[in-house]
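Reading through the structure tokens given below for one structure.
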Amino acid sequence: MSRVPSAFARTSSLQNYATQLSRLQTTQRELQASEQQIASGVAVGRPSDAPGKAGSVLALQRSLRERDQERRNAGAAGAMLGAADSALGEANSILIEARDTASSQVGVGSDTATRSAQASVIDAQIDAMLNLANTQANRVSVFGGNGGAAAGGRVFERFLGGVRYVGGVDNLTADMGGAESQRFNDNGFDAFGALSARVSSSRDLDPQLTGASTLASLAGPRGNVGVVGQPSVAAPGAVSGGANTLRVQVNATVVAVDLTYASTLDDVVLRVNAAIDSVLPGSGSLALGAGGLELTAVGGNVITLDDPAGPAAAATLGINGLSSTGGTTTAGAGLARGLNGQTALADLGVGLDLASGLVIRQGENEVTVDLSTATTVQDLQNTIKQLNLGLRLDVSADGRGLELISEVAGIELSVGENGGSTAADLGIRSYGLNTRLEDFNHGAGVPAVAAGDDVSVILHDGTEFTVDLYDTETVGDVITRLQDAAIAAGVAAADFTVELATVGNGITLTDNTAGAGDFVIDDLDPSVAASRLGIRGNAGTANVLDVEDRATLRVENAFTHLADLRTALEEDSGSGITLAGDHLEVDIESAIRSRAGVGIQVQRLEESTQRYNQQAAQEQTVLSDLQDADLVEVLSRYQQLQLQLQASLQVAAKAQQQSLLDYLR
Numbered sequence: 003m004s005r006v007p008s009a010f011a012r013t014s015s016l017q018n019y020a021t022q023l024s025r026l027q028t029t030q031r032e033l034q035a036s037e038q039q040i041a042s043g044v045a046v047g048r049p050s051d052a053p054g055k056a057g058s059v060l061a062l063q064r065s066l067r068e069r070d071q072e073r074r075n076a077g078a079a080g081a082m083l084g085a086a087d088s089a090l091g092e093a094n095s096i097l098i099e100a101r102d103t104a105s106s107q108v109g110v111g112s113d114t115a116t117r118s119a120q121a122s123v124i125d126a127q128i129d130a131m132l133n134l135a136n137t138q139a140n141r142v143s144v145f146g147g148n149g150g151a152a153a154g155g156r157v158f159e160r161f162l163g164g165v166r167y168v169g170g171v172d173n174l175t176a177d178m179g180g181a182e183s184q185r186f187n188d189n190g191f192d193a194f195g196a197l198s199a200r201v202s203s204s205r206d207l208d209p210q211l212t213g214a215s216t217l218a219s220l221a222g223p224r225g226n227v228g229v230v231g232q233p234s235v236a237a238p239g240a241v242s243g244g245a246n247t248l249r250v251q252v253n254a255t256v257v258a259v260d261l262t263y264a265s266t267l268d269d270v271v272l273r274v275n276a277a278i279d280s281v282l283p284g285s286g287s288l289a290l291g292a293g294g295l296e297l298t299a300v301g302g303n304v305i306t307l308d309d310p311a312g313p314a315a316a317a318t319l320g321i322n323g324l325s326s327t328g329g330t331t332t333a334g335a336g337l338a339r340g341l342n343g344q345t346a347l348a349d350l351g352v353g354l355d356l357a358s359g360l361v362i363r364q365g366e367n368e369v370t371v372d373l374s375t376a377t378t379v380q381d382l383q384n385t386i387k388q389l390n391l392g393l394r395l396d397v398s399a400d401g402r403g404l405e406l407i408s409e410v411a412g413i414e415l416s417v418g419e420n421g422g423s424t425a426a427d428l429g430i431r432s433y434g435l436n437t438r439l440e441d442f443n444h445g446a447g448v449p450a451v452a453a454g455d456d457v458s459v460i461l462h463d464g465t466e467f468t469v470d471l472y473d474t475e476t477v478g479d480v481i482t483r484l485q486d487a488a489i490a491a492g493v494a495a496a497d498f499t500v501e502l503a504t505v506g507n508g509i510t511l512t513d514n515t516a517g518a519g520d521f522v523i524d525d526l527d528p529s530v531a532a533s534r535l536g537i538r539g540n541a542g543t544a545n546v547l548d549v550e551d552r553a554t555l556r557v558e559n560a561f562t563h564l565a566d567l568r569t570a571l572e573e574d575s576g577s578g579i580t581l582a583g584d585h586l587e588v589d590i591e592s593a594i595r596s597r598a599g600v601g602i603q604v605q606r607l608e609e610s611t612q613r614y615n616q617q618a619a620q621e622q623t624v625l626s627d628l629q630d631a632d633l634v635e636v637l638s639r640y641q642q643l644q645l646q647l648q649a650s651l652q653v654a655a656k657a658q659q660q661s662l663l664d665y666l667r
């Protein structure tokens, strides 16, 4: 039986119309895509345009955006460092002018009137230096470090007769495409020597271990213990877990202890003892001893603590391999506790006289500091900060003591007693028995005659003796030499006493002999040791000789030395002018080094920019190969699509004009 082939099956007008419309729409979409490619030159504009290339294209586009950001960072950093370079150059010129002024005002050609006029010039130079130190670029302080002032603010300011630095110690950094971020500004410490005056800790405060001691404040046989308190990447309880997991073996049974969220020694002890009891209750325990952790097993039990292969929690705590057998207490390695703000003063292993308080002199300001209510290190720090003297109390780098730091250049700092031993107990007395003579007179020291005596002493009863200070190194050495010389001269120990001042600072010299003569201490020519020690003077008929504190500290920087020069010019002091000029010479060298450091940073930025450009060019080339359109191919395709569209339209038009009669014919 015959039938009509499917190829010649009847189609409705509606189906024919839909087919033609779909064909026209496809051709128009392809034409539109070709037009976009011709206009943009990009063949892969969306992931769907070329799924096989999409991943590479997106990665390259992201990389190019990163390069662009790095270039912008480098540009901003270059502007900052350029401003720093210019400011340091001007500062160096000011310092050279000041040094030359000092040279011109020593010797022939200088007089009191000229020096007084030049003092005004130096004062103006200090103002100019202040403006340079407060330079800003892109609304950021160039010399403010990571504590720079807001736009228009100042990181160096006049304060208590000096210049205070209120910026940061570290520098601002930005991602420049390298392994590490690169700094793009400077700080007052590096550029101008700010914060260089500090009463360094002279005493180990020996903070004692307690159960509440934080792991972050401890140091063990492998350094900082604080790592134990960080989240572990391993599953809690896994014997072979992360760096915060240790193993407890009770007899033949092993369990894991996860110290991920342990923050104190009590936390560690609690977790380990819970693990021991989970195996055999009452078989032993871990406890905190005087110097570290101690393990005790009871009965016939054997308990061992160690690290799984790799992790180091037990080793960090000093208990890796620690083992105890029935009744024997075994101590782990020693743990040392460092100071922090939360350290209780009661936990310090030294006696503290907090009732007496301190006497602090900062410039012309002298205050008595009441510490009687302080209970933590932070209380001490807050009390010092609230004095508003430009001082701060920091924990020393080794975490064992305290340091009092001055933020103000151009004035002198002294920390003494108030009738007790508070300053010495805290290790921050600026004039003590162990104060070195080389630190007197702002580092100029106390020169003693190599051969012969240096100091002469005359007492009320007419007794005279001399003192040889050669080879003395500390204040304690000087006191001993003075006392020994008096005894050698036949003076009773009670008639001539030398001791540290009980209020404030310095040495108290007391003449208890009977007589009408003056109590005199003087230099023994050619020595100037008595003057440099601050003990030269005539007490007349008084028993106690008032002495000077020549061991004061100050910020040694350009602002201080410019102020020294101004004062020396005002006081018409030739030796002071010479000394200030010598210090300014050092400041000039420091400014040159700082400028050289900035220059190195600028050079690194230029090299980085070159590297960015090269990398971006290479990545752009690869991206073009993947993404850009071949215009010859696209234009050819476009022409083909135009012909295809035209033909489709003609066929569609002709088909739409046909009717049933055309088919029947």
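First residue of the sequence shown: 3, per my numbering; consecutive thereafter.
Even for Gly, the Cβ is constructed at its ideal location relative to N, Cα and C.
What you are looking at is a predicted structure, and each value in this text was computed from that prediction instead of being measured.
Do three or more CB pairs link the stretch 414 to 430 to the stretch 521 to 534 at distances below 8 Å?
no
Could you please give me the residues that DSSP links to LEU295 through a beta bridge?
The residue labelled residue 295 in the question sits at position 293 within the sequence shown. BP columns for LEU295 point to LEU290.
Along the chain, where does the alpha helix (DSSP H) that runs through ASN275 open and close?
Start at 1 with the first residue of the sequence shown, and residue 275 comes out as number 273. Its alpha helix (DSSP H) spans residues 267 to 281.
Determine which residues share a DSSP beta bridge with GLN138 and list them.
Your numbering for residue 138 matches position 136 in the sequence shown. DSSP output for GLN138 lists SER143 as bridge partner(s).
Going by other Cβ atoms of all chains shown within 10 Å of its Cβ, with 16 needed for buried, is SER122 buried or exposed?
Your numbering for residue 122 matches position 120 in the sequence shown. Classification for SER122: exposed.
Mind listing, in chain order, the continuous beta strand (DSSP E) runs of no fewer than 3 residues lying wholly within the stretch 486 to 570?
498 to 502, 509 to 513, 521 to 525 and 539 to 542
Quick test of the definition: if touching needs 3 or more C-beta pairs under 8 Å, does the stretch 551 to 568 touch the stretch 499 to 514?
yes
Contact defined as beta carbons within less than 8 Å: I believe LEU307 pairs with VAL256. What is the distance between those atoms, to the nearest angstrom?
The count along the sequence shown starts at 1 and reaches residue 307 at position 305. The count along the sequence shown starts at 1 and reaches residue 256 at position 254. LEU307 to VAL256, Cβ: 11 Å. No contact.
Sort SER219, LEU267 and ARG438 by Cα distance to ALA446 and report the nearest one.
On the sequence shown, residue 446 is found 444 positions in, with the first residue counted as 1. Here the closest residue by C-alpha is ARG438.
In terms of residues, what are the limits of the beta strand (DSSP E) holding VAL256?
Sequence index remark: in the sequence shown, residue 256 carries index 254 (1-based). Element bounds for VAL256: 255 to 260.
If ALA582 sits next to ALA570, beta carbons under 8 Å apart, how far is it from one beta carbon to the other, in whole angstroms?
The residue labelled residue 582 in the question sits at position 580 within the sequence shown. The residue labelled residue 570 in the question sits at position 568 within the sequence shown. At roughly 5 Å, the Cβ-Cβ gap stays under 8 Å, so ALA582 and ALA570 are in contact.
What's the gap between the Cα of VAL165 and the Cα of GLY146?
Numbered from its first residue, the sequence shown carries residue 165 at position 163. Numbered from its first residue, the sequence shown carries residue 146 at position 144. VAL165 and GLY146: Cα-Cα distance of roughly 14 Å.
Through-space distance from ILE362 to ALA541, alpha-carbon basis
As a working note, residue 541 is residue 539 in the sequence shown. As a working note, residue 362 is residue 360 in the sequence shown. Computed Cα separation, rounded: 26 Å.
Residue nearest to GLU409 in terms of C-alpha spacing, selected from PHE191, THR318 and ARG613:
Position 407 of the sequence shown holds residue 409. Out of PHE191, THR318 and ARG613, PHE191 has the C-alpha closest to the C-alpha of GLU409.
ASN342 lies in the alpha helix (DSSP H); which residues open and close that run?
Within the sequence shown, the letter at position 340 stands for residue 342. Run containing ASN342: none; DSSP gives neither H nor E here.
Taking only three categories from DSSP, how would you classify SER325?
Position 323 of the sequence shown, counted from the start, is the residue given in the question as residue 325. If DSSP states are grouped into helix, strand and coil, SER325 belongs with the strands.
Around the Cβ of ASP513, are there at least 16 other Cβ atoms within 10 angstroms (buried) or fewer (exposed)?
By 1-based counting over the sequence shown, the position of residue 513 is 511. Per the 10 Å Cβ criterion, buried.
Rounded to whole angstroms, what's the CA-CA distance from ALA85 to ASP584? Just pull it up for me.
For the purposes of this step, residue 85 is taken as the residue at position 83 of the sequence shown. For the purposes of this step, residue 584 is taken as the residue at position 582 of the sequence shown. ALA85 and ASP584: Cα-Cα distance of roughly 28 Å.
Under the three-state DSSP convention, the category GLN71 falls into
Translated into positions along the sequence shown, residue 71 becomes position 69. Helix, per DSSP.
For GLY583, three-class secondary structure by DSSP:
What you label residue 583 is simply residue 581 of the sequence shown in a count that begins at 1. GLY583 falls in the helix class under three-state DSSP.
I need the DSSP call for ASN246, collapsed to helix, strand or coil.
Within the sequence shown, the letter at position 244 stands for residue 246. Correct three-state label for ASN246: coil.
Where does GLY334 sit, in a helix, a strand or coil, going by DSSP?
Here residue 334 refers to the residue found at position 332 of the sequence shown. In this structure, GLY334 counts as coil in the three-state DSSP scheme.
Is THR159 helix, strand or coil by DSSP?
Along the sequence shown, one-based indexing puts residue 159 at 157. The sequence given here places Glu at residue 159; Thr does not occur at that position. In this structure, GLU159 counts as strand in the three-state DSSP scheme.
GLU573 burial status per 10 Å Cβ neighbour count (16 or more: buried):
Along the sequence shown, read from residue 1 onward, the residue named residue 573 stands at position 571. When all chains shown are included, GLU573 counts as exposed.
Between which two residues does the beta strand (DSSP E) holding ASN148 run?
Counted from its first residue, the sequence shown places residue 148 at position 146. That residue, ASN148, is in no beta strand (DSSP E); it is neither H nor E in DSSP.
How many Å lie between VAL235 and LEU261 at the Cα?
The residue you call residue 235 lines up with position 233 of the sequence shown. The residue you call residue 261 lines up with position 259 of the sequence shown. The predicted model places VAL235 with a pLDDT of 32, which falls under 50 and marks its position as unreliable; any figure quoted below should be read in that light. VAL235 and LEU261: Cα-Cα distance of roughly 12 Å.
According to DSSP, is VAL235 part of a helix, a strand, or is it coil?
On the sequence shown, position 233 is the one that residue 235 refers to. Legend: pLDDT at VAL235 = 32, less than 50; position of this residue unreliable, value from coordinates given subsequently. Coil, per DSSP.
For GLY578, which residues from the same chain have a beta carbon less than 6 Å from its beta carbon, with the 5 sequence-adjacent residues on both sides left out?
What you label residue 578 is simply residue 576 of the sequence shown in a count that begins at 1. Once the five neighbours on either side are set aside, the close Cβ partners of GLY578 are ALA570.
Whole-angstrom distance between ALA488 and LEU511, CA atom to CA atom
As a position in the sequence shown, residue 511 is number 509, starting the count at 1. As a position in the sequence shown, residue 488 is number 486, starting the count at 1. When rounded, the distance between both Cα atoms is 12 Å.
Once the 5 residues before and after VAL549 are set aside, which same chain residues still bring their CB inside 6 Å of it?
For the purposes of this step, residue 549 is identified with residue 547 of the sequence shown, where counting begins at 1. Excluding positions up to five away in sequence, the list reads GLY508, ILE509, GLY536 and ILE537.
Same chain, Cβ closer than 8 Å to GLY464, five either side skipped, listed in chain order
Working through the sequence shown from its first residue, we reach residue 464 at position 462. The residues are GLY517 and GLY519.
Rounded to whole angstroms, what's the CA-CA distance from ALA335 to LEU295? Just pull it up for me.
Along the sequence shown, one-based indexing puts residue 335 at 333. Along the sequence shown, one-based indexing puts residue 295 at 293. Distance between the alpha carbons of ALA335 and LEU295: 8 Å.
If you run the structure through DSSP and keep just helix, strand and coil, what is VAL371?
For the purposes of this step, residue 371 is identified with residue 369 of the sequence shown, where counting begins at 1. The answer is strand: DSSP assigns VAL371 an E or B state.
In the structure shown, what three-state DSSP assignment does VAL230 receive?
Along the sequence shown, read from residue 1 onward, the residue named residue 230 stands at position 228. Confidence at VAL230 is low in this model, with a pLDDT of 49, below 50, so its placement is unreliable and the value that follows should be read with caution. It is helical.
Would you mind sorting ASP473 into buried or exposed? The rule is 16 or more other CB atoms within 10 Å of its CB.
Numbered from 1 along the sequence shown, position 471 holds the residue referred to as residue 473. By the 10 Å Cβ count, ASP473 comes out exposed.
Taking PHE467 as part of the beta strand (DSSP E), name the residues at either end of that continuous run.
Here residue 467 corresponds to residue number 465 of the sequence shown, with the count starting at 1. Per DSSP, PHE467 belongs to the beta strand (DSSP E) from 466 to 469.
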